[in-house]
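Working notes, beginning with the structure itself.
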Amino acid sequence: MRGSFLRQLSDQNALRLYEWAEASPSAVIKCTCQQAHRLKTLPELSYAIGGQTLFLHYETPALVAEICGMVVGVTPKEDQISYEVDDGTSVLRIVETRKSLRQTESRHVQAALKPTAPSGIPDCYIMPPQPELSASTSRLGNAATTSYLAPLVPRFNVADIIECIGKVQIDRSGQRFLVAQQMGKLSRSSFAFESDDS
183 MRGSFLRQLS
193 DQNALRLYEW
203 AEASPSAVIK
213 CTCQQAHRLK
223 TLPELSYAIG
233 GQTLFLHYET
243 PALVAEICGM
253 VVGVTPKEDQ
263 ISYEVDDGTS
273 VLRIVETRKS
283 LRQTESRHVQ
293 AALKPTAPSG
303 IPDCYIMPPQ
313 PELSASTSRL
323 GNAATTSYLA
333 PLVPRFNVAD
343 IIECIGKVQI
353 DRSGQRFLVA
363 QQMGKLSRSS
373 FAFESDDS
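Numbers 183 to 380, taken from my numbering, label the letters of the sequence shown in order.
See the structure below:
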């Protein structure tokens, strides 16, 4: 019902919805890998939001998803690392790039610098820092400079259990994947297993 309402939004409201879905921690959808693969798109809103794709998770508009699962494959490349993550429902590709690593590092630095006052908001929902343009970061866009950067080293291994918050994207074959914004290894104590001692 709400999905059909979303398709009839004005361009201005569609843009505001997109900005909310991109920036608000409350817009992050928790889903399984299978649900991420099956996210529907809202092509009717694409023109209003500059050709970007807005997804629909049941009746909730979304751009960013959170998944947890076990790493079952790692493919390092020069400028990105692809992790294949299995949560028991499906396998989803998660891509970690230099940019996402810089964002993760700056979040850790930002969290370390700011005194933590109890706010009731979990630490994983920290707004990313605003980008600052500098000579060193503007040179990273230059293809000649990129070739001198050391290749990325995978942070996670096969069998690690990870949590990822990332922007949902569609590859050329139509498959959904996540571009990591935050990734972390979950400790085994994070899981509560029920025993079947009947």
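Just so it is clear, CB atoms sit at the ideal spot from N, CA and C, and this is done for glycine as well.
Is the closest heavy atom of the ligand MN to the C-beta of residue 354 under 7 Å? This structure does not include the ligand MN; it has no bound ligands of any sort.
In whole angstroms, give me the CA-to-CA distance for residue 346 and residue 257. One-based indexing of the sequence shown puts residue 346 at position 164. One-based indexing of the sequence shown puts residue 257 at position 75. Taking the straight line from one Cα to the other gives about 17 Å.
Could I get the ranges of all uninterrupted beta strand (DSSP E) runs contained in the region 190-228, with 3 residues as the minimum, in chain order? none
Could you tell me which residues DSSP puts in a beta bridge with residue 237? If you number the sequence shown from 1, residue 237 lands on position 55. DSSP lists 223 and 244 as partners of residue 237.
Among 235, 212 and 340, which one has its Cα closest to the Cα of residue 356? Translated into positions along the sequence shown, residue 356 becomes position 174. Nearest option by C-alpha distance: 235.
With a threshold of 6 Å on Cβ separation, who are the neighbours of residue 351 within its own chain once the five nearest residues in sequence on each side are excluded? Stepping through the sequence shown from its first residue, residue 351 is reached at position 169. So the list reads 359 and 361, once near-sequence residues are dropped.
Kindly indicate which three-state DSSP category residue 275 falls into: helix, strand or coil? Indexing the sequence shown from 1 puts residue 275 at position 93. Reduced to three states, the DSSP call for residue 275 is strand.
Please identify the residue among 244, 228, 248 and 266 whose C-alpha is closest to the C-alpha of residue 132. No information on residue 132 is available, as it lies outside the stretch 183 to 380 that the chain covers here.
Inter-residue spacing [alpha-carbon to alpha-carbon] between residue 354 and residue 254: Stepping through the sequence shown from its first residue, residue 354 is reached at position 172. Stepping through the sequence shown from its first residue, residue 254 is reached at position 72. Approximately 22 Å between the Cα atoms of the pair.
8 Å Cβ cutoff, residue 198 in contact with chain D: No chain D is part of this structure, which consists of one protein chain only.
Within the continuous beta strand (DSSP E) that includes residue 366, where are the two ends? Here residue 366 is taken as the residue at index 184 of the sequence shown, counted from 1. It spans 358-367 - the beta strand (DSSP E) in which residue 366 sits, taken as one unbroken run.
Can you list, in chain order, the residues of its chain whose CB lies under 8 Å from that of residue 338, leaving out five sequence neighbours each side? By one-based count along the sequence shown, residue 338 stands at place 156. 253, 256, 265, 344, 365 and 367.
Rounded to the nearest angstrom, what separates residue 276 and residue 231 at their Cα positions? Reading the sequence shown from its first residue, position 94 is the one you call residue 276. Reading the sequence shown from its first residue, position 49 is the one you call residue 231. Each residue's alpha carbon lies about 24 Å from the other.
Could you check which residue in 217, 192 and 246 has the C-alpha nearest to that of residue 206? Sequence index remark: in the sequence shown, residue 206 carries index 24 (1-based). The candidate whose alpha carbon is nearest that of residue 206 is 246.
Starting from the C-beta of residue 262, find all residues in its chain whose C-beta is less than 8 Å away, skip the five residues before and the five after it, and write them out in chain order. The residue you call residue 262 lines up with position 80 of the sequence shown. Excluding positions up to five away in sequence, the list reads 277, 278, 279, 280 and 334.
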